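If you're matching them up, the sequences are chains A and B in order. Residues in the first sequence are numbered from 298 upward in steps of one, following our numbering. Residues in the second sequence are numbered from 141 upward in steps of one, following our numbering. Shown next, in C-alpha cells, is the structure this report addresses.
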Amino acid sequence: VSDPAREACGADHCITCNDDGIPMTVLRLDAGAGLAECADAEGAHSAVEIALVDPLCEGDRVLVHAGVAIASLEGEDA
Amino acid sequence: VKYVDEFRDADLGRAVSGEILSLVEPGRHYKVMEVCGGHTHSIYKYGVDDLLPSNVELVHGPGCPVCVIPMGRVDDGIALAHNDGVIFTCFGDMMRVPGAQGTLLEAKAAGADVRMVYSPLDALRIAKENPDREVVFYAIGFETTAPSTALTLKRARAEGVANFSCMSNHVTIVPPLRALLESPDLRLDGFIGPGHVSTIVGARPFEFIPADYGKPVVISGFEPLDILQSVAMVLRQLTEGRCMVENQYTRVVPYEGNLRALEVMAEVFELRPHFEWRGLGFISHSGLRLSEAYADLDAERRFSVPGVRVADPKACQCGEVLKGVIKPWECKVFGTACTPERPIGTCMVSSEGACAAYYNYGRFARDREVV
Numbered sequence: 298v299s300d301p302a303r304e305a306c307g308a309d310h311c312i313t314c315n316d317d318g319i320p321m322t323v324l325r326l327d328a329g330a331g332l333a334e335c336a337d338a339e340g341a342h343s344a345v346e347i348a349l350v351d352p353l354c355e356g357d358r359v360l361v362h363a364g365v366a367i368a369s370l371e372g373e374d375a
Numbered sequence: 141v142k143y144v145d146e147f148r149d150a151d152l153g154r155a156v157s158g159e160i161l162s163l164v165e166p167g168r169h170y171k172v173m174e175v176c177g178g179h180t181h182s183i184y185k186y187g188v189d190d191l192l193p194s195n196v197e198l199v200h201g202p203g204c205p206v207c208v209i210p211m212g213r214v215d216d217g218i219a220l221a222h223n224d225g226v227i228f229t230c231f232g233d234m235m236r237v238p239g240a241q242g243t244l245l246e247a248k249a250a251g252a253d254v255r256m257v258y259s260p261l262d263a264l265r266i267a268k269e270n271p272d273r274e275v276v277f278y279a280i281g282f283e284t285t286a287p288s289t290a291l292t293l294k295r296a297r298a299e300g301v302a303n304f305s306c307m308s309n310h311v312t313i314v315p316p317l318r319a320l321l322e323s324p325d326l327r328l329d330g331f332i333g334p335g336h337v338s339t340i341v342g343a344r345p346f347e348f349i350p351a352d353y354g355k356p357v358v359i360s361g362f363e364p365l366d367i368l369q370s371v372a373m374v375l376r377q378l379t380e381g382r383c384m385v386e387n388q389y390t391r392v393v394p395y396e397g398n399l400r401a402l403e404v405m406a407e408v409f410e411l412r413p414h415f416e417w418r419g420l421g422f423i424s425h426s427g428l429r430l431s432e433a434y435a436d437l438d439a440e441r442r443f444s445v446p447g448v449r450v451a452d453p454k455a456c457q458c459g460e461v462l463k464g465v466i467k468p469w470e471c472k473v474f475g476t477a478c479t480p481e482r483p484i485g486t487c488m489v490s491s492e493g494a495c496a497a498y499y500n501y502g503r504f505a506r507d508r509e510v511v
C-alpha cells in the first residue's frame with residue numbers, strides 16, 4: 298500500500314521529527330540571511346539556519362537537525 | 141575516532157562487548173533505559189542488544205516525540221487543518237498518528253491541504269509563496285527541535301510574514317524522566333542519555349538523576365559503537381560504585397549545551413502549566429507554548445481548536461511500553477490489530493517508536509543466549 302508520508306520520510310527512518318542529526322558540509326554562506334547552503338553525504342543540498350553555530354566558513358562540517366545546524370563537527374575526532 | 145565506519149567497526153564492537161561481559165556480575169539483572177527514540181532505532185537496526193549479555197536488558201524510554209502526542213492534540217491539528225484557506229504543515233511521521241478523528245493523512249484525503257515538510261523553515265517558505273493563505277506549522281519535538289521552531293518564528297517576525305503561525309506541541313525531556321523515576325513499577329539501574337537533546341541543553345539538566353535517584357547517566361551518540369560504549373560506561377559506574385552524569389558523546393555535546401539555542405527558546409517559548417503525554421498522563425511543566433511576545437504567531441490563539449481530551453484506546457498499551465514496564469511484543473495488539481500500516485498506538489507509527497522498531501526489524505527474541 299502506497300503511503301506518501303512513509304515514502305517521503307524514508308522507509309526505515311524519519312529524518313526530521315526525532316532526535317536525528319545529519320552531518321552536512323557548508324557550501325556557501327549567506328551571512329546576511331543567517332543561512333548556509335549545505336550538502337549531505339549523498340550530495341543533496343538544502344538551506345540551513347546557522348544562528349546556533351555561527352561563525353562558519355565554507356567547507357566546515359555541521360550537524361543539522363530540522364533545518365538548523367545544532368553543532369559544529371570541526372575537531373570531531375573525539 | 142573520526143569517521144562513521146569506525147563507529148560501526150565489528151572488531152571494535154566485539155572488544156567493547158567483551159568489556160561489557162567483564163563488567164557484569166553473574167546472577168544480577170541489569171535494566172538500562174535508553175531515553176531517546178533515536179537510540180531505540182539504532183539498537184534494533186544494528187542489533188546492538190545481540191552483543192549484550194542476557195542479563196543486560198535495554199528498556200525503551202519516552203524519547204520519541206511522535207509517540208507521546210496524545211489523541212486530543214492530533215484531533216486539534218485535524219480541526220485546524222480543515223479551516224478554510226489553511227495550509228497545514230507538519231513532519232512526515234506526524235501525518236500517520238491516529239487521533240479519535242482519524243489521521244492527518246486521512247484529513248488530507250478528505251480535502252484538507254496538509255503538507256509534509258522537513259523543517260519549520262520549509263513551512264515558512266510555503267507561507268511566503270502563498271501570501272493569500274494561512275500557513276500553520278504543527279510543531280513537535282524535544283529540545284533538539286524546539287530551537288528550529290523558535291528560530292523560524294523569529295524569522296517570520298523579522299520578515300513580517302503575517303500569514304504564518306505555529307501550533308506548538310514541543311515537550312521537554314526532564315519532567316517525564318522525573319515522572320518515570322517516581323513510578324513505583326519501574327526498576328532501572330541506569331540511563332543512556334539523549335545525545336542531540338543534550339547538544340542543546342547540555343549534560344547539567346540530568347544531574348538530578350544521580351543526585352536525587354542514585355542512578356548513573358551516560359549521554360550517548362547514535363552509532364552502534366557509541367551505544368555499546370555507553371552501556372559499558374553505565375556498567376562501569378555500577379561496578380565501581382560511582383554515580384554521575386558522564387558524556388560519551390563529547391564530539392558533539394558540550395557540558396553546558398548551546399547557550400544561543402537556550403536563549404532563543406527562552407525568548408519564543410514558555411512552559412505550559414501541564415501537558416498531556418500519551419500513556420504517561422498529565423505532567424507539570426513538560427510542554428512548551430509560545431510566549432506572550434509571540435502570541436500573535438500562536439495558531440491556538442489565531443484559530444479556535446476543540447481542545448477535547450481523548451482517552452488512549454483501551455487495547456493499546458503504549459503507556460506501559462513507554463514506561464518500559466512491558467516489551468512491545470507483550471502488548472495484546474502488537475503485530476495483529478496494531479501494525480505500522482494500521483497503527484492503533486503511536487509507538488507503532490514512528491520508526492523511532494519502540495513497537496515499530498521491533499516490528500520492522502523483527503527483533504523480538506524473548507530469550508537471548510545465557511552467558
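Cβ coordinates follow ideal geometry from the N, Cα and C atoms, glycine included. From a predicted model like this one, the values you see are computed outputs, not experimental measurements.
Going along chain A, which residues have a C-beta under 8 Å from residue i?
| i | result |
| --- | --- |
| V392 (chain B) | G318, L360, A368, L370 and E373 |
| D262 (chain B) | G364 |
Between the alpha carbons of residue i and residue j, how many angstroms are there, rounded?
| i | j | result |
| --- | --- | --- |
| D216 (chain B) | G281 (chain B) | 17 Å |
| H179 (chain B) | F362 (chain B) | 6 Å |
| M405 (chain B) | S424 (chain B) | 18 Å |
| L411 (chain B) | V311 (chain B) | 9 Å |
| K185 (chain B) | C495 (chain B) | 13 Å |
| V365 (chain A) | D452 (chain B) | 33 Å |
| P260 (chain B) | F231 (chain B) | 9 Å |
| G525 (chain B) | F415 (chain B) | In this structure chain B extends from 141 to 511, so residue 525 (chain B) is not present and cannot be described. |
| D317 (chain A) | D233 (chain B) | 13 Å |
| A336 (chain A) | T339 (chain B) | 21 Å |
| D149 (chain B) | V188 (chain B) | 12 Å |
| V450 (chain B) | S431 (chain B) | 26 Å |
| K467 (chain B) | F474 (chain B) | 10 Å |
| L317 (chain B) | D272 (chain B) | 43 Å |
| R442 (chain B) | E407 (chain B) | 20 Å |
| A348 (chain A) | E403 (chain B) | 11 Å |
| D224 (chain B) | L244 (chain B) | 16 Å |
| K248 (chain B) | Q241 (chain B) | 13 Å |
| A155 (chain B) | L192 (chain B) | 12 Å |
| E346 (chain A) | D357 (chain A) | 14 Å |
| V254 (chain B) | I227 (chain B) | 6 Å |
| V385 (chain B) | V358 (chain B) | 6 Å |
| L360 (chain A) | S369 (chain A) | 6 Å |
| A343 (chain B) | Y395 (chain B) | 5 Å |
| P210 (chain B) | N398 (chain B) | 29 Å |
Cα-Cα, which of the options is closest to residue i?
| i | options | result |
| --- | --- | --- |
| T479 (chain B) | B:D352, B:M256, B:V164 and B:V237 | B:V237 |
| S444 (chain B) | B:I218, B:V188, B:S259 and B:T284 | B:I218 |
| S490 (chain B) | B:G203, B:R154 and B:P260 | B:G203 |
| R400 (chain B) | B:A286, B:G232 and B:I266 | B:A286 |
| T292 (chain B) | B:I313, B:T476, B:R273 and B:K268 | B:K268 |
| C471 (chain B) | B:Y498, B:S323, B:V214 and B:V374 | B:Y498 |
| M321 (chain A) | A:P352, A:H342 and A:L349 | A:H342 |
| E339 (chain A) | A:A330, A:L349, A:L326 and A:I319 | A:I319 |
| F331 (chain B) | B:L368, B:N303, B:D151 and B:E481 | B:L368 |
| V327 (chain B) | B:R297, B:Y434, B:Y395 and B:H200 | This sequence places Arg at residue 327 (chain B); Val is not what is there. Considering only alpha carbons, the answer is B:H200. |
| I484 (chain B) | B:N398, B:P345 and B:G419 | B:G419 |
| P324 (chain B) | B:S288, B:Y353 and B:I313 | B:Y353 |
| V257 (chain B) | A:H362, A:A368 and A:E371 | A:H362 |
| C176 (chain B) | B:G335, B:T289, B:D436 and B:A263 | B:G335 |
| T229 (chain B) | B:Q457, B:A435 and B:E274 | B:E274 |
| R382 (chain B) | B:M307, B:D329, B:P364 and B:G397 | B:D329 |
| C306 (chain B) | B:E159, B:R429 and B:Y170 | B:R429 |
| E283 (chain B) | B:R297, B:E299 and B:P315 | B:P315 |
| L437 (chain B) | B:E460, B:V301 and B:A372 | B:V301 |
So which residues of chain A does residue i contact, with C-beta pairs closer than 7 Å?
| i | result |
| --- | --- |
| L152 (chain B) | Under the 7 Å cutoff, chain A gives no residues; its nearest Cβ is about 15 Å from L152 (chain B). |
### Task
Check each residue of the segment 340-351 of chain A: if its Cβ is closer than 7 Å to any Cβ of chain B, include it; give the result in chain order.
A344, E346, A348 and L349
### Message
So if I threshold CB-CB distances at 7 Å, which residues from the segment 336-362 of chain B count as touching chain A?
### Response
H336, V337, T339 and I340
### Message
Does the segment 346-361 of chain B come into contact with the segment 293-309 of chain B, if we say contact requires no fewer than three beta-carbon pairs (one atom in each stretch) closer than 8 Å?
### Response
no
### Query
Using a beta-carbon distance cut-off of less than 8 Å, what residues from the segment 264-288 of chain B approach chain A?
I280, G281, F282, T284, T285, P287 and S288
### Query
What are the residues of the segment 374-400 of chain B that lie near chain A, defined by any Cβ-Cβ distance shorter than 7 Å?
T390, R391, V392, N398 and R400
### Query
What are the residues of the segment 288-321 of chain B that lie near chain A, defined by any Cβ-Cβ distance shorter than 7 Å?
S288 and L291
### the segment 372-379 of chain B contacting the segment 163-173 of chain B, beta-carbon criterion three pairs below 8 Å
yes
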